[in-house]
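Converting from the sequence shown to the working numbering requires adding 889 to each position, the first position being numbered 1. To start, the structure itself, in C-alpha cells.
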Amino acid sequence: MATVRDATYDVLRTLGMTTVFGNPGSTEEPFLRDFPADFHYVHALHEATAVAMADGYAQAAGVPAHVNLHTAPGTGNGMGNLVTAWHNKTPLIITAGQQTREMLLLEPRLTSRRATELPQPYVKWAYEPARAQDIPGAVLRAYATAVQPPAGPVFLSLPMDDWAQPAEPAPEMRSVATRFGPDPRRLDEFARILAGSRNPVLVFGPGVDRSGSWSEAVALAERLAAPVWSAPAPERAVFPEDHPHFRGVLPFAIGPLAEALSGHDTVLVVGAPVFRYYPYVPGEHLPSGTRLLHVTDDPDEAARAPVGDSLLGDPGLTLAALLELLPQADRTPPAPRATQAAPDISTPLSADALFAALAGHWPADGVLVQESPSNLAALRRRLRITRPASYFTMASGGLGYGLPAAVGVALAERDTGRGRPVVAVIGDGSFHYSVQALWTAARLSLPVVVVVPVNKQYAILKAFAELKETPGVPGLDLPGLDITAIAAGYGCATEVVQTPDQLGAALTAGLRADRPTVVPVPISTEVPSIL
C-alpha cells in the first residue's frame, strides 16, 4: 500500500522539485529515509545557509525550490534568510518537521508549539495539515501559492509520524497562472499621460528582470527618448547598464531621491516599490509638479506607496502593452553618462580600484552575487551589468544571504546546463554570517569565485554612525580573522590578492577550477559616505 511519503514524493516529482535543500534533523528523518535516487539532497551545515542557497537556486533556475528545516529551532535558524526570500519575492516551499501527533498534546521536546505562526509574517501561507493524508494536496496548494504573483515563500509543518500513514488517491494535478495583464482602461490612461509628458523619466525595478522583460524596457526607453534609473537598493539588475539612457541607481533616501528626479514631469515606475527608503533623510517624495505612475504585480506594494497612481499587472506584459499604445517621442534622447576616470592604483587598493580591476577581467556572461554594503556604490560604479539575470543580492538589507545564494546560483547554472560563471563579492563582515556555505560548494565541486574585500571593519555601520551622529558604537572593528585559513578549512582554493593583475589571474584560474576559490583582497579602510 502506498504511504503518504510515497504520494508526496510523487507530487514533488510531477512538479519537477527533485532538489531538496536542508540540514537533516530527527523530525525530518522519516521523510528523508531511503532518499530516492532521482532526488538530490543539497546538504547545508546551517538552516540559514540552506534557505539562501534555495533562494539563489530558485531565482537563477527560474523555478520554485524546496527547503526542508528542522522543526521550530531549524525554522528559527532560517528566519533571517526567510525574511530575505520574502522581500526577494522568491518562490520557496519550506517544509519543517513536527513532533509525533500522538505526543503533541504533551508538548515533548522539539515540538513546534505554534508552528504556523512561527514564520509569520514572512510567508504567503503557513499550514499544518489536519490529517496525514492531506500532505500531498497541501504541497500542491503550497506550490500554487508560492508561484502566483507576487511570488514568495510558503511554509508547511509536517508531523513526523504522518509519513508512514496509508495514502489516499493522488490529488488532481493542475496548473496556475503566474502572470496577469493590466486593466486596459487604466493602461490607456497611463499611455495618454506618458504620450503627453514633456520630460518623462523611467524607474525600473527587479520585477523587470524577474519577468524577463529587459528588451521591452529598452524599447520603451527608446520609444519615449527617456532616461532610465534603477529603483533604489535593487536586488536584481533591471536594464543594460552600458545603454546610453541608463543613469544609475537612485539614492535610497526620501530627499535625495526626489532631487535626482527633479526636472521631470512624469515618473513611470515599473516592477519596484515606491520607494525602498533607508536611512531617513526627510524631504518631499517627489519634486513639485511631478506625477508618478506605478506598475506592479504586488497589490501590497501599490497600497503602501506614499505617492502615485498604480496599475496592477505583470511588469513585462505591461511594458509590452504600453509599447503598442505609445508613439515615438519627438525629443532628443538623453546623452550617455560621463565615463568614469580610471582610479588611482595604490596599496592597499581602494574599493574603486578593486572593482575597476574586476570589471576589466569580467567574463562576458558572468553572474554577480554581492553582499558588500560599504563597497556597493563603488562596485556599481565600476562593474556595469549588461545581461539579464546577472545580478543578485538581498532585498531585505539583512546579511548572511550573499555567500550561500552564490552557491545556489552556481548549482542552478550547472543543473540548467547554462554553465555561466558565478562570481560573488562578499565583504569580510558578511563573509562570516553564512561561511558554512563554502563547505557545500566544495562538496559539490562548484567553481564559484568569492572575492572578499578585506577592510577589517563593519564600514557600513561606521558610515551610518557618522550620518546619524552616534559615536562610540562598540563592535564595529573585525580584527583577527584569517579568511585564507577558514576558506582552506572548508575545502576551498584560496589566494590573497594585492594587485589588479593578481586579481585577473586568480579570477581566471578560479573559474576553471573544480572547487570554489576564495580571494581575499586587502582594501583601504576609508569609510565611504552612506549616500
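Just so you know, even glycine gets a beta-carbon here, dropped at the ideal spot from N, CA and C.
What is the residue span of the beta strand (DSSP E) that Ser1046 lies within?
Where Ser1046 is concerned, the enclosing beta strand (DSSP E) stretches over Val1043 to Pro1048.
Could you check what DSSP says for Gly1144 in three-state terms: helix, strand or coil?
Helix.
What are the start and end residues of the beta strand (DSSP E) that includes Val1311?
Val1311 -> beta strand (DSSP E) spans Val1311 to Ile1315.
Between Ala1240, Leu1272, Thr897 and Pro1133, which lies nearest to Leu1047 when the distance is taken from Cα to Cα?
Of the listed residues, the one whose Cα sits closest to Leu1047 is Thr897.
Going by alpha carbons, who is nearest to Pro1162 out of Val909, Pro1121 and Gly1399?
Selected option, being the one with the closest Cα: Pro1121.
In the DSSP output, what is Ser1199 paired with across the bridge?
His1183, per the DSSP bridge assignment.
With contact counted as at least three CB pairs below 8 Å, one residue from each stretch, are the stretch 1278-1293 and the stretch 1257-1270 in contact?
A contact exists between the stretch 1278-1293 and the stretch 1257-1270.
Specify the secondary structure class of Trp975 as computed by DSSP and reduced to three states.
Correct three-state label for Trp975: helix.
Tell me which residues share the same chain as Ala1245 and place their Cβ nearer than 6 Å to its Cβ, disregarding the 5 neighbours each side in the sequence.
Same-chain partners within the cutoff: Pro1232 and Arg1271.
What is the DSSP secondary structure of Arg1075, reduced to helix, strand or coil?
Note: Arg1075 maps to helix in three-state DSSP.
Can at least three beta-carbon pairs, one atom from the stretch 1378-1388 and one from the stretch 1322-1330, be found at a separation below 8 Å?
In short, these stretches touch, since the Cβ pair count reaches three.
How far does the beta strand (DSSP E) with Trp1328 in it extend, from its first residue to its last?
Run containing Trp1328: none in the beta strand (DSSP E); it sits in the alpha helix (DSSP H), Ala1326 to Arg1332.
So Pro1089 is in the beta strand (DSSP E); what residue range does that whole segment cover?
Segment Pro1089 to Phe1093, the beta strand (DSSP E) holding Pro1089.
I'd like the list of long-range same chain contacts for Ala941, defined as Cβ closer than 6 Å, with 5 residues on each side in sequence excluded.
So the list reads Asn970, Tyr1290, Pro1293 and Ala1294, once near-sequence residues are dropped.
Check the DSSP bridge columns for Thr892 and list the partner residues they point to.
In the DSSP output, where bridge partners are listed per residue, Thr892 has Pro1055.
Threshold first: 4 residues or longer. Then list the alpha helix (DSSP H) segments lying entirely within the stretch 931-1014, N to C.
Within the stretch 931-1014, the complete alpha helix (DSSP H) runs of at least 4 residues are 936-950 and 960-977.
Near Pro1417, which residues of its chain fall below 8 Å by C-beta distance, leaving aside the five closest residues on each side in sequence?
Here the set comprises Ala1240, Ser1263, Asn1264, Ala1266, Ala1267, Ala1348 and Ala1352.
Give me the Cα-Cα distance between Ala954 and Ala943, rounded to the nearest whole angstrom.
Whole-angstrom Cα-Cα distance: 6 Å.
If we call anything under 8 Å between Cβ atoms a contact, is Gly1096 one with Pro1204?
Yes, Cβ-Cβ distance for Gly1096 and Pro1204 is below 8 Å.
Beta-carbon separation of Pro1405 and Val1341 under 8 Å?
In this structure, Val1341 does not lie closer than 8 Å to Pro1405 by Cβ.
With distances taken from CA atoms, which of Thr979, Phe910 and Thr1414 is nearest Asn834?
A question about residue 834 goes unanswered here, because the residues of the chain that appear run from 890 up to 1420.
Would Gly1202 and Pro1071 be called neighbours here (beta carbons separated by less than 8 Å)?
For Gly1202 and Pro1071, yes; Cβs fall inside 8 Å.
Rounded C-beta distance between Ala1027 and Pro1018? I'm assuming under 8 Å.
Right, the Cβ-Cβ distance comes to about 5 Å (below 8 Å), so this counts as a contact.
Taking DSSP's pairing of strands, which residues face Ser854 in a bridge?
Because residue 854 is not part of the residues shown, which for the chain are 890 to 1420, the question remains open.
In the stretch 1094-1128, which residue ranges form an unbroken alpha helix (DSSP H) of at least 4 residues, counting only runs that do not cross its ends?
If we require 4 residues or more, the alpha helix (DSSP H) runs fully inside the stretch 1094-1128 come out as 1095-1099 and 1103-1113.
Can you tell me which of the three DSSP states Arg1136 falls into?
Strand at Arg1136.
As a quick exercise: from Gln1037, Val1408, Val1362 and Leu1045, pick the residue whose alpha carbon is nearest that of Ala1313.
Nearest option by C-alpha distance: Val1408.
Apart from the five residues just before and just after Arg1087, which ones in its own chain have a Cβ nearer than 6 Å to its Cβ?
Within the same chain, Arg1087 has close Cβ partners Asp1154.
Distance check for Gly1094 and His1132, CA to CA, integer angstroms please.
Computed Cα separation, rounded: 16 Å.
Going by beta carbon distance, what residues of the same chain come within less than 6 Å of Val1288, once the five residues before and after it are set aside?
First, the amino acid is wrong: residue 1288 is Leu here, not Val. Only Ser1319 and Tyr1322 meet the Cβ criterion.
With a Cβ-Cβ cutoff of 8 Å, do Val1117 and Leu1091 count as a contact?
Yes, these two residues count as a Cβ contact at 8 Å.
Within the same chain, show all residues whose beta-carbon is closer than 8 Å to that of Val1036, passing over the 5 residues directly before and after it, in chain order.
Counting only Cβ-Cβ distances below 8 Å, and skipping sequence neighbours, we find Pro953, Pro980, Val1065 and Thr1067.
Between the stretch 1186-1194 and the stretch 1049-1057, do at least 3 Cβ pairs fall closer than 8 Å?
No, they do not touch.
Looking only at its own chain, which residues have a Cβ that is under 6 Å from the Cβ of Gly1172, when we skip the five neighbours before and after it?
Cβ neighbours of Gly1172 beyond the five flanking positions: Ile1143, Gly1144 and Ala1147.
Considering Cα atoms alone, identify which of Val1170, Arg1020 and Arg1220 is closest to Ala1114.
Nearest C-alpha to Ala1114: Arg1220.
Please return the same chain residues whose Cβ sits closer than 6 Å to the Cβ of Gly967, not counting the five positions on each side in sequence.
Excluding positions up to five away in sequence, the list reads Glu936, Ala937, Val940 and Leu958.
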